[in-house]
Amino acid sequence: MVVENAVSDLVTETQTSFNPPVPTEMLSVSGSTRESQRSYLLSINLKEGRNLVIRDRCGTSDPYVKFKLDGKTLYKSKVVYKNLNPTWNESFSFPVRDLDQRLYIKVYDRDLTMDDFMGSSYVLLTDLEMEKVCELSVRLDDPNSLEEDMGVIMLDMSLSLRDRDNERNSVTNRTVLSSSSLQSPLAQSGRLSESLRKSQLWSGVVGVTLVEGQDLPEDGPGELFVRFRLGEQRYKSRNQPKKANPQWRERFDFNRFPEGPGVLEIEVWNKEGRKYEECYGMCEVDLSSVLPNQSQLFTRVLKEGKGRVVFLITLSTCSGVSISDMCAPPLEDPQERENTLDKYSFKSSFRNLRDVGFLQVKIIKATDLLAADLNGKSDPFCVLELGNDRLQTHTIYKTLYPNWNQVFTIPVKDIHDILELTIFDEDGDKAPDFLGKVAIPLLSIHNGQPICCPLKKEDLGGLSKGNISLELELIFNPVRAAIRTFKPKEKKFMEDNPKFSKKILARNVYRVRNLYRAVQSTLQYMKSCFQWESFQRSLIAFLQQHLHFLPYNQNS
Numbered sequence: 001m002v003v004e005n006a007v008s009d010l011v012t013e014t015q016t017s018f019n020p021p022v023p024t025e026m027l028s029v030s031g032s033t034r035e036s037q038r039s040y041l042l043s044i045n046l047k048e049g050r051n052l053v054i055r056d057r058c059g060t061s062d063p064y065v066k067f068k069l070d071g072k073t074l075y076k077s078k079v080v081y082k083n084l085n086p087t088w089n090e091s092f093s094f095p096v097r098d099l100d101q102r103l104y105i106k107v108y109d110r111d112l113t114m115d116d117f118m119g120s121s122y123v124l125l126t127d128l129e130m131e132k133v134c135e136l137s138v139r140l141d142d143p144n145s146l147e148e149d150m151g152v153i154m155l156d157m158s159l160s161l162r163d164r165d166n167e168r169n170s171v172t173n174r175t176v177l178s179s180s181s182l183q184s185p186l187a188q189s190g191r192l193s194e195s196l197r198k199s200q201l202w203s204g205v206v207g208v209t210l211v212e213g214q215d216l217p218e219d220g221p222g223e224l225f226v227r228f229r230l231g232e233q234r235y236k237s238r239n240q241p242k243k244a245n246p247q248w249r250e251r252f253d254f255n256r257f258p259e260g261p262g263v264l265e266i267e268v269w270n271k272e273g274r275k276y277e278e279c280y281g282m283c284e285v286d287l288s289s290v291l292p293n294q295s296q297l298f299t300r301v302l303k304e305g306k307g308r309v310v311f312l313i314t315l316s317t318c319s320g321v322s323i324s325d326m327c328a329p330p331l332e333d334p335q336e337r338e339n340t341l342d343k344y345s346f347k348s349s350f351r352n353l354r355d356v357g358f359l360q361v362k363i364i365k366a367t368d369l370l371a372a373d374l375n376g377k378s379d380p381f382c383v384l385e386l387g388n389d390r391l392q393t394h395t396i397y398k399t400l401y402p403n404w405n406q407v408f409t410i411p412v413k414d415i416h417d418i419l420e421l422t423i424f425d426e427d428g429d430k431a432p433d434f435l436g437k438v439a440i441p442l443l444s445i446h447n448g449q450p451i452c453c454p455l456k457k458e459d460l461g462g463l464s465k466g467n468i469s470l471e472l473e474l475i476f477n478p479v480r481a482a483i484r485t486f487k488p489k490e491k492k493f494m495e496d497n498p499k500f501s502k503k504i505l506a507r508n509v510y511r512v513r514n515l516y517r518a519v520q521s522t523l524q525y526m527k528s529c530f531q532w533e534s535f536q537r538s539l540i541a542f543l544q545q546h547l548h549f550l551p552y553n554q555n556s
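In UniProt numbering, the protein residues as written are 1 to 556.
Printed below as a string of structure tokens:
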């Protein structure tokens with residue numbers, strides 16, 4: 001089918017190249033047989049968003065935009081963190097054969113587990129004028145939302161007749177789907193893999209040591225804890241008894257991404273009981289002002305003036321994380337393998353004690369997966385997790401037998417960690433559906449040996465449907481691994497950001513209403529007994545009350 005489409009495109013382009021020039025007025029008319037044979041190039045410049053809706057509890061959102069045509073995602077923008085008026089300035093283009101379609105524009109708030117919907121709109125391709133740039137202000141909407149104004153997306157769109165020159169120019173665009181994508185099933189199914197790769201690879205590590213609090217309020221009951229946030233990554237400290245100068249002495253790391261946020265947020269919270277939490281104040285640190293490879297001590301005053309918080313920040317560069325195709329695995333390059341072996345050799349044991357090892361994971365394919373969609377297929381992607389580090393493959397649409405053929409490399413911080421691979425089904429605007437999971441202890445890895453693992457349920461308690469094919473290779477320094485063994489295991493700091501849920505609100509309102517009705521009914525019943533509205537009922541209540549207190553009267 002792919003070859004037929006490529007041949008069809010080539011024949012169509014050959015035919016159109018010999019046609020005489022057509023006036024612009026004629027090109028805007030659709031519905032003819034001649035036009036149905038043409039191919040067009042739709043160019044889009046995504047500029048900015050204005051007054052977008054709030055989806056995070058801090059009063060902001062982390063928006064990104066998806067463009068969908070004919071049910072398929074054609075482009076996904078970068079994430080702009082903590083901004084309700086984001087600026088993207090991203091340009092891309094793709095071929096279109098049928099103008100009688102709607103291009104859907106959907107905006108989401110990026111989150112760890114489930115991205116929240118921020119509204120959508122669409123553009124009719126037949127409304128665009130040929131060879132003319134149209135400046136559009138697209139108003140977002142969501143029928144299931146209570147917000148009346150969800151903001152607008154500003155973009156430029158232009159439609160042109162696709163000829164050989166346009167194809168040649170489109171190849172230079174970083175997001176064009178050219179004829180090479182028709183020849184490569186991997187490129188066709190993984191059109192977003194390049195942008196996905198850029199958004200996942202971290203270039204540095206932000207090491208934070210929470211030391212203590214100073215002059216914090218100590219009135220009333222409760223416990224104190226501190227929340228740190230860097231983009232999507234969050235860490236919550238352990239609880240300390242409420243006092244003016246609590247001591248934490250906790251250390252943890254955040255990954256820093258080239259296009260990620262550069263501001264570290266710190267919040268001090270008071271917790272009373274299970275539910276009640278009160279924020280004492282917050283402060284921020286601009287990481288661009290932190291000198292690399294040096295520990296800097298910060299004593300920051302909380303914005304609300306309720307004390308200070310003391311912490312250390314160390315900004316260090318990171319190597320060893322990468323995403324590549326099966327044709328170029330890093331460890332198959334002789335020079336790269338030699339450098340890696342030398343880095344973790346016995347003679348280099350005390351150079352960097354925190355860098356324990358290096359893991360290469362080849363995610364080859366999965367077979368016989370669960371069908372999550374109504375058409376009997378799934379849109380699977382695989383998430384790789386090692387400690388607090390997380391990477392994922394691109395999505396392959398409408399298949400139960402995906403071939404990812406991707407290679408991931410990731411630094412190892414603890415030899416006792418467990419590698420987790422989870423397969424999900426992409427479900428558009430909703431949370432992804434779970435398909436299966438595999439957990440592999442690092443110490444059980446046999447280097448270079450292909451393995452086929454049966455998928456298990458989410459709690460790893462029983463088998464799910466399907467298998468995943470992998471090839472793993474682990475290189476580590478035994479001295480560093482042994483030293484790391486005697487230190488506390490790193491806690492997972494990824495914390496879900498609680499969202500406002502209309503369903504939960506409606507359920508709680510329903511519960512309160514039922515409780516109120518029950519109390520009201522009881523009071524009404526007691527009132528009717530006292531007013532003798534029913535002689536029989538009041539008499540029975542009177543006798544029961546008299547018999548209940550009779551033993552007490554006799555004793556007295």
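In this text, a Cβ means the ideal position worked out from N, Cα and C, and glycines have one as well.
(1) If we ignore side chains and look at the alpha-carbon of each, how far apart do Leu291 and Val285 end up?
(2) Taking the straight line between their C-alpha atoms, what separation do you get for Phe117 and Leu140?
(3) Could you tell me if Gly436 is buried or exposed, where buried requires 16 or more neighbouring beta carbons within 10 angstroms of its beta carbon?
(4) Using the rule of at least 16 other Cβ atoms within 10 Å of the residue's Cβ for burial, across every protein chain shown, is Gln360 buried or exposed?
(5) If you follow the beta strand (DSSP E) that Asn255 is in, where does it begin and where does it stop?
(6) Return the residue from the list Lys271, Glu338, His394 that minimises the CA-CA distance to Ile364.
(7) For Ser322, list the residues DSSP reports as bridge partners.
(8) I'd like to know whether the C-beta atoms of Gly204 and Ala244 end up nearer to each other than 9 angstroms.
(9) Report the option in Val479, Arg390, Phe542 whose CA atom is closest to the CA atom of residue 614.
(10) Excluding five sequence neighbours on each side, which residues of the same chain lie with their C-beta closer than 7 angstroms to the C-beta of Gln101?
(11) Which one of Lys457, Met526, Leu216, Asn293 has the shortest CA to CA distance from Glu278?
(12) To the nearest whole angstrom, what separates the beta carbons of Ser237 and Leu210, a pair I think is in contact under 8 angstroms?
(13) Taking the alpha-carbon of Gly220 as reference, which of Lys242, Glu232, Phe228, Arg234 has the nearest alpha-carbon?
(14) Alpha carbon to alpha carbon, how far is Asp379 from Leu442? Give it in angstroms, no decimals.
(15) Please return the same chain residues whose Cβ sits closer than 6 angstroms to the Cβ of Arg174, not counting the five positions on each side in sequence.
(16) For Val65, which beta-bridge partners are listed by DSSP?
(17) Can you tell me the Cα-Cα spacing of Glu473 and His416, whole angstroms?
(18) CB Gln240 to CB Asn255, shorter than 9 angstroms?
(19) Helix, strand or coil, according to DSSP, for Gln335 in the structure here?
(20) If you measure from the CB of Lys47, is any heavy atom of the ligand FMN nearer than 8 angstroms?
(21) Where Phe424 and Gly231 are concerned, what is the direct C-alpha to C-alpha distance, given to the nearest angstrom?
(22) Locate the beta strand (DSSP E) running through Pro380, then write down its first and last residues.
(23) Thinking Asn477 and Ser349 are a contact (beta carbons under 8 angstroms), I'd like their distance in whole angstroms, please.
(24) Look up Gly207 in the DSSP assignment and say whether it is helix, strand or coil.
(25) Which residue marks the beginning of the beta strand (DSSP E) containing Arg139, and which one marks its end?
(26) For Glu48 and Lys347, I'd like the C-alpha separation in whole angstroms.
(27) Ordered along the chain, which non-local residues of its own chain (more than five positions away) have a Cβ less than 6 angstroms from that of Thr314?
(28) Give me, in chain order, the residues of the same chain whose beta-carbon lies closer than 6 angstroms to that of Lys398; leave out the 5 immediate sequence neighbours on both sides.
(29) Between which residues of its own chain and Phe530 is the CB-CB distance below 8 angstroms, once the five residues before and five after are set aside?
(30) Among the candidates Thr485, Glu272, Gln524, Pro261, whose CA atom is the shortest distance from the CA of Val356?
(31) Determine which residues share a DSSP beta bridge with Thr299 and list them.
(32) So for Asn514, helix, strand or coil by DSSP?
(33) Short check: CB of Glu223 to CB of Glu267, under 9 angstroms?
(34) Quick one: what's got a C-beta closer than 7 angstroms to Phe128's C-beta in the same chain, skipping five residues either side?
(35) Rounded to a whole number of angstroms, what is the C-alpha to C-alpha distance between Arg511 and Asn270?
(36) Quick check on this structure: which residue in Trp532, Asn352, Ala439, Asp149 has the alpha carbon closest to the alpha carbon of Lys457?
According to the data block:
(1) Whole-angstrom Cα-Cα distance: 12 angstroms.
(2) 11 angstroms
(3) buried
(4) buried
(5) 247-256
(6) His394
(7) Thr409
(8) no
(9) No answer is possible for residue 614: the residues shown for the chain start at 1 and end at 556.
(10) Leu69, Asp70, Leu125
(11) For Glu278, the closest C-alpha among the options Lys457, Met526, Leu216, Asn293 is that of Leu216.
(12) 6 angstroms
(13) The candidate whose alpha carbon is nearest that of Gly220 is Lys242.
(14) 29 angstroms
(15) For Arg174, the predicted structure reports a pLDDT of 35, less than 50, and the residue's modelled location is therefore unreliable. A value from the coordinates is still provided. Contacts found: none.
(16) Val107
(17) 15 angstroms
(18) no
(19) helix
(20) The model depicted lacks the ligand FMN and carries no ligand whatsoever.
(21) 23 angstroms
(22) 380-386
(23) 6 angstroms
(24) strand
(25) Membership of Arg139 in the beta strand (DSSP E) is indicated by the continuous run 134-139.
(26) 53 angstroms
(27) Gly207, Ser295
(28) The answer, listed in chain order, is Lys377.
(29) Ser538
(30) Thr485
(31) Beta-bridge pairing by DSSP links Thr299 to Val310.
(32) helix
(33) no
(34) At residue 128 the sequence reads Leu, which differs from the Phe that was named. Around Leu128: Cys134, Met157, Leu159.
(35) Going by the C-alpha atoms only, they are around 28 angstroms apart.
(36) Ala439
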